[in-house]
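Here the structure is laid out as structure tokens; the discussion comes afterwards.
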Amino acid sequence: MSSPALRRGTSVREALDGAVTAIAAARCETPRLDAELLLAHVLAVPRQRLLTDPDLIVAGPAVRAFQDAIRRRAVEREPVAYIVGHRYFRRLELAVDRRVLIPRPETELLVEVARERLPARARVLDLGTGSGAVALALKDERPDLILSASDVSPAALDLAAANARRLALDVSFLESDLLADVPDEFDAVLANLPYVSEADRPSLAPEILRHEPPLALFAGSDGLDCIRPLIAQAVARPHVSLLALEVGAGQAPAVSALLSVAGFPEVSIERDLAGIDRVVVGSR
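Residue numbering for the sequence shown follows the numbering used here, starting at 595 and increasing by one per position.
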């Protein structure tokens, strides 16, 4: 499979039609959207302008840049977010690359749970922060909260801190394996930890398997190898009154039981927009 051949001065419509054909042939789920996002990125214009500006053409260095972007998407199955270097999450545009998972819409539920449930001036830890998505979005929407974010990956923390600086959001960052090096000062812990089981590895899309960091994806035979020890650590922290965990499809009952047995007297489950039990919350 090759990238579409573009002439010097190709119209936007022709460029998009060829790109859509190549991306669709690779069995990507959203070929038209992908092509438009990539071309808007290459031309450094808003996506809407591709549809409204009849004088816009693909010419000069943009021809090769667009061909390369389509090759990466269709042949290498690289996610669009990594190619363009950013992803929108809530109201924020976050820089992303292969150091971190691409923020997913379902993870917004963690932000919503914390935004609605936490009292003013609560101290909150976003554990396994990756790009910083949850911590930064929550600070943006609830500036009264005192936000910190941790990750086991120094490379991920570098990217998250860069996002915080660019967005001018006051979030502190620290390196830690779960709560091992985290001070006992947080009222709430939010965590989107690895939860994919090894049995599910073969079913993942090429975009995930080839490009996203395995350290942020896989968690043993049942997908709970990170969640299980975090619950044990959190329940031993007297200050932690709320623990909110993003989980995979079908994992909510097991995680709810772990929270109850560990000592969280109130356990609730929040569903995402797809109707999947996505966030399990332990309160005390």
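Quick reminder that beta carbons are idealized off the backbone N, C-alpha and C, glycines included. Quantities reported herein were computed from a predicted structural model and do not represent experimental measurements.
- For Ala828 against Tyr789, the beta-carbon gap comes to about 16 angstroms, at or over 8 angstroms, which does not count as contact.
- Judged by DSSP in its simplified three-state form, Gly876 adopts strand.
- Between the C-alpha atoms of Ile617 and Glu840 there is a straight-line separation of about 31 angstroms.
- Under DSSP, Ser744 forms a beta bridge with Leu721, Leu768.
- Cβ neighbours of Arg692 within its own chain (closer than 8 angstroms, five residues either side excluded): Tyr676, His805, Glu806, Pro807.
- The three-state reading of DSSP puts Ile696 in coil, since its state is none of H, G, I, E or B.
- When Val849, Ser725, Val639, Gly844 are compared, the shortest CA-CA separation from Asn757 is found for Ser725.
- Comparing alpha carbon positions, the residue from Arg667, Pro640, Leu721 closest to Leu772 is Leu721.
- Between Ser835 and Ala782 the beta-carbon gap is near 7 angstroms, inside 8 angstroms, which marks them as a contact.
- Collapsing the DSSP output to three states places Ile677 in a helix.
- The residue from Ala810, Arg665, Val849, Val636 with its alpha-carbon nearest to that of Ala620 is Arg665.
- Put simply, of Leu867, Val639, Pro655, Ile825 the residue whose alpha carbon is nearest the alpha carbon of Thr604 is Pro655.
- Within the DSSP secondary-structure output, Asp738 pairs in no beta bridge.
- Val849 sits away from Val707, with the two beta carbons spaced by 8 angstroms or more.
- Across the structure, Val690 and Ala799 are spaced so that their CA atoms are roughly 19 angstroms apart.
- Assignment of Ala714 by DSSP, reduced to helix, strand and coil, places it in the coil class.
- Under the three-state reduction of DSSP output, Leu637 falls in the helix class.
- Spanning the alpha carbons of Glu702 and Ala613 requires a straight line of approximately 31 angstroms.
- A Cβ-Cβ distance of about 5 angstroms is found for the pair Glu801 and Arg671, placing them in contact under the 8 angstroms criterion.
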